[in-house]
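Counting from 87, one number per residue, gives the positions in the sequence shown under the working numbering. Taking it in order: structure first as structure tokens, then the write-up.
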Amino acid sequence: QVQLVESGGGLVQPGGSLTLSCVASGVRFSSNVMGWYRQAPGKERELVATITNDGRTNYDDSVKGRFTISRNDAKNTVNLQMNSLKPDDTAVYYCNWKRRFVPGTDYWGQGTQVTVSS
87 QVQLVESGGG LVQPGGSLTL SCVASGVRFS SNVMGWYRQA PGKERELVAT
137 ITNDGRTNYD DSVKGRFTIS RNDAKNTVNL QMNSLKPDDT AVYYCNWKRR
187 FVPGTDYWGQ GTQVTVSS
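Here is the structure:
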């Protein structure tokens, strides 16, 4: 059973920066994908960024050039550095872990609120 704990959310002004962190425990499979998703009020959960165990990254077009995802497998952590934040980035951000190439193995964190407002 994989458990994910996020931290780092908060209130930030437009143009500001935040870093989200997620620590995974109970990880048993080295071939995996870690990532961040977000859900704004009244909208469906959407992908923000993912990173595989061999470092391949994928970003939603809306965050390319502003957000950077990274991971540290020795510590089982995944971070999301968010720069040039916009009000449209306001959402609950969820950490995700899943086995690579194995559908239906998703695990989710409890979510952390990010609010971008002046």
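Beta carbons are placed, not taken as given, at the ideal position from N, Cα and C, and that holds for glycine.
Other residues of its chain near residue i: CB distance less than 7 Å, five sequence neighbours each side excluded
i: Lys172; result: Pro100 and Val202
i: Ser204; result: Gln99 and Pro100
i: Ser170; result: Gly101 and Arg152
i: Thr191; result: Lys184 and Arg185
i: Leu90; result: Cys108, Ala110, Cys181, Trp183, Tyr193, Trp194 and Gly195
i: Gln87; result: Gly112
Supposed contact pair residue j and residue i - C-beta distance, whole angstroms, cut 8 Å
i: Gly94; j: Leu106; result: 4 Å
i: Val113; j: Ala135; result: Not quite, the Cβ-Cβ distance comes to about 19 Å (not below 8 Å), so this is no contact.
i: Ser111; j: Asn162; result: 7 Å
Top-ranked residue by Cα proximity to residue i, from the options
i: Asn158; options: Gly141, Pro189 and Gly151; result: Gly141
i: Phe187; options: Cys108, Met168, Val113 and Ser117; result: Ser117
i: Trp194; options: Leu104, Ser103, Thr138 and Val109; result: Val109
i: Leu104; options: Ile155, Asn144 and Thr138; result: Ile155
i: Glu130; options: Gln89, Tyr179, Pro189 and Gln167; result: Tyr179
i: Thr176; options: Ala135, Val88, Thr143 and Gln199; result: Gln199
i: Val164; options: Pro189, Gln87 and Thr138; result: Thr138
i: Pro189; options: Val119, Glu92 and Val91; result: Val119
i: Asn144; options: Ala160, Gln89 and Leu166; result: Leu166
i: Gln196; options: Met168, Glu92 and Phe115; result: Glu92
Residues of its chain near residue i, where Cβ-Cβ distance is below 8 Å and the 5 sequence neighbours each way are ignored
i: Glu132; result: Tyr123, Arg124, Gln125 and Asp146
Cβ neighbours of residue i in the same chain (closer than 6 Å, five flanking residues each side left out)
i: Leu97; result: Thr201
i: Phe115; result: Arg185
DSSP three-state assignment for residue i, whether helix, strand or coil
i: Arg185; result: strand
i: Thr191; result: coil
i: Val202; result: strand
i: Gln89; result: strand
(request) Would you mind listing the alpha helix (DSSP H) stretches within the stretch 151-176 that are 4+ residues and don't spill past its ends, in chain order? (result) Note on the stretch 151-176: there is no whole alpha helix (DSSP H) run with a minimum of 4 residues.
(request) Just list the beta strand (DSSP E) runs in the stretch 94-152, keeping only unbroken ones of 3 residues or longer that don't cross its boundaries, in chain order. (result) For the stretch 94-152, the full-length beta strand (DSSP E) segments reaching 3 residues or more read 96-98, 104-111, 118-125, 132-138 and 143-145 along the chain.
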